[in-house]
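First residue of the sequence shown? That's 155 in this note's numbering, and the numbers climb one at a time after it.
The C-beta atom is built at its ideal place from N, Cα and C for all residues, glycine as well.
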Amino acid sequence: MTVRLRYAPSPTGDPHVGNIRTALWSWLHARRLGGAFVLRLEDTDQSRAVEGSLQRIEDSLRWLGMEWDEGPDEGGPYGPYVQSERLERYHEATDRLLAADDAYRCFCTPGDLREMREQQRASGQPPGYAGRCRALDPYEAASRATAGESHVVRFKMPNEGSTTFEDMIRGPITYENRVLDDFVMLKSDGFPTYHLAHVVDDHAMEITHVTRGDEWIPSTPRHVRLFEALGYEPPVFVHTPVILGPDGGKLSKRHGAKSVLDYAAEGYLPEALCNFLAIIGWALDDSTEILSKDELIASFDLARLNPAPATFDTEKLEWMNGVYMRSLSLGDLAGRFAQRLDDDLPAEVARPLDAGLVDAFTPLIQERVKLLSEVAPMTDFFFASDVEVAEPGEFIARGMRKTPERAAPALKAAVAALEPLAAEWRTEPLEAA
């Protein structure tokens, strides 16, 4: 069987690193096993859609070198790959579940639901839908819907027993059905919720492994029941560990919860970010931290993920980026420097930049630079048309402003030591002086 994994983001903004880490793990697993990696846009919540999000998502994946096999632009045998273009499929599944008495129409208003929650809170009951419309006569409900009365469709969860599913990295997980309420699967606007849409699509697209954050564990029993009611074989579930900040709290922007394109703008290399994200929650062994993309593909296995929360260490990412900088050939690094300088240097600097000049200073800063964004501040003087050089006396005067009693004698001693070497300005005599 060919493995098929998917990345199914919502178009609600730029993908953050936690989201992309899960996508990267799916991509690595698919590539190692010779399977397919599918990009699917889950845009059923139209109110939260942000214009341009799909392009930013695709740009993020391309920058990281994570090509996909099927998707909104590329198409494929299981398209379309945008959920808002697949509504007919969700309506067909809903009709099947209604006909089998596995779902029902719910006419409760927002006010009804608020009253229900208040009563549950007052009586100490767990929140959830209390099943008020569950016993409605299906024919009466259908007539009310045909007459245009606003309603949603809920899936009918069993009231007794339990539901167990197998998680690839956590083993069997069981929930008592009595704590699982009848969830909305089709909204009043005719769009499905995530619960219905992803079940229908994962089956139709023959997805074999569903990787997602562990916050979805409580919803998975509902999804398992939905798969079974539709006669589908559930996929392998992999609930990935949460990423924490260095202080042990939930990863936030102050810790580094930025988008992939933010890291690109800050001067990180895609190879370094891929390596860093891959090992937040997974390890090849007890000591190896630097792994090329080919090495990651050859060795990565979802089954070896650590289910415990993992820490996002920005200092480690910066260190790793520096390691990758120093590992690049001078030609490759100079090319990246030139591209970044073209973006960062002011407009008055003549273009095209002097490639020979970039080639010349690249080995001088390779050992020091950690981010591409540091290159322009380190080297902008090379491209200045006029460089103001202070006279020796003025330089000494500037140095004397804070500690003249120490600066002046030191500078005069340096001048005295270096003046005899004017004819032999080489490293060894200078170091000896």
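L450 and V392 closer than 8 Å at C-beta:
When the beta-carbon positions are compared, L450 and V392 stay at least 8 Å from each other.
Taking buried to mean at least 16 other C-beta atoms within 10 Å of its own C-beta, is K566 buried or exposed?
The C-beta of K566 has fewer than 16 other C-beta atoms within 10 Å across all chains shown, which makes the residue exposed.
Roughly how many whole angstroms lie between the Cα atoms of E314 and A284?
Separation of E314 and A284 (C-alpha to C-alpha, rounded to the nearest whole angstrom) is 15 Å.
In angstroms, rounded to a whole number, what distance separates the CA positions of H352 and D498?
Those two C-alpha atoms are separated by around 42 Å.
In angstroms with no decimal places, state the Cα-to-Cα distance between A570 and G476.
Between the alpha carbons of A570 and G476 lies a gap of roughly 39 Å.
Start and end residues, alpha helix (DSSP H) containing C260:
Boundaries around C260 are those of the beta strand (DSSP E), 257-260, since no alpha helix (DSSP H) includes it.
Roughly how many whole angstroms lie between the Cα atoms of A254 and A419?
Roughly 53 Å separates the two Cα atoms.
By Cβ distance, which residues of its chain are closer than 6 Å to A162, with the 5 residues on each side in sequence left out?
The residues are R194, E196.
A177 - containing alpha helix (DSSP H), residue span:
It spans 171-186 - the alpha helix (DSSP H) in which A177 sits, taken as one unbroken run.
Give me the residue from S481, R366, S539 with the minimum Cα distance to R522.
With distances taken between Cα atoms, R522 lies closest to S481.
Go through its chain and collect everything with a Cβ distance to A530's Cβ below 8 Å, but skip five positions before and after it.
Cβ within range, chain order: R494, L495, D498, L499.
Grouping DSSP H, G and I as helix and E and B as strand, with all else coil, what is Y417?
Helix, per DSSP.
Beta-bridge pairing of A464 - partner residues as DSSP gives them:
A464 is bridged by DSSP to I397.
Continuous alpha helix (DSSP H) stretch holding F381: start and end
Following the DSSP letters along the chain, one finds F381 inside the alpha helix (DSSP H) bounded by residues 374-383.
Should E369 be labelled buried (16 or more other beta-carbon atoms within 10 Å of its own) or exposed?
E369 comes out exposed.
Residues near F430 by beta carbon distance below 6 Å, same chain, minus five either side
So the list reads L471, M474, once near-sequence residues are dropped.
Specify whether the segment 210-220 and the segment 306-326 touch according to this definition: at least 3 beta carbon pairs, one from each stretch, less than 8 Å apart.
Between the segment 210-220 and the segment 306-326, the count of C-beta pairs closer than 8 Å stays below three; the two stretches do not touch.
Taking the straight line between their C-alpha atoms, what separation do you get for P388 and L334?
Here the alpha carbons of L334 and P388 stand approximately 19 Å from one another.
Under DSSP, the beta strand (DSSP E) around P234 begins and ends at which residues?
That residue, P234, is in no beta strand (DSSP E); it is neither H nor E in DSSP.
Taking the alpha-carbon positions, what's the D266 to A276 distance?
Their backbone Cα atoms lie some 15 Å apart in a straight line.
Beta-carbon spacing of L484, L218 below 8 Å:
L218 sits away from L484, with the two beta carbons spaced by 8 Å or more.
Applying the 10 Å Cβ sphere with the 16-neighbour rule, what's the burial state of A184?
By the neighbour-count criterion, in which a residue is buried when 16 or more other Cβ atoms sit within 10 angstroms of its Cβ, A184 is buried.
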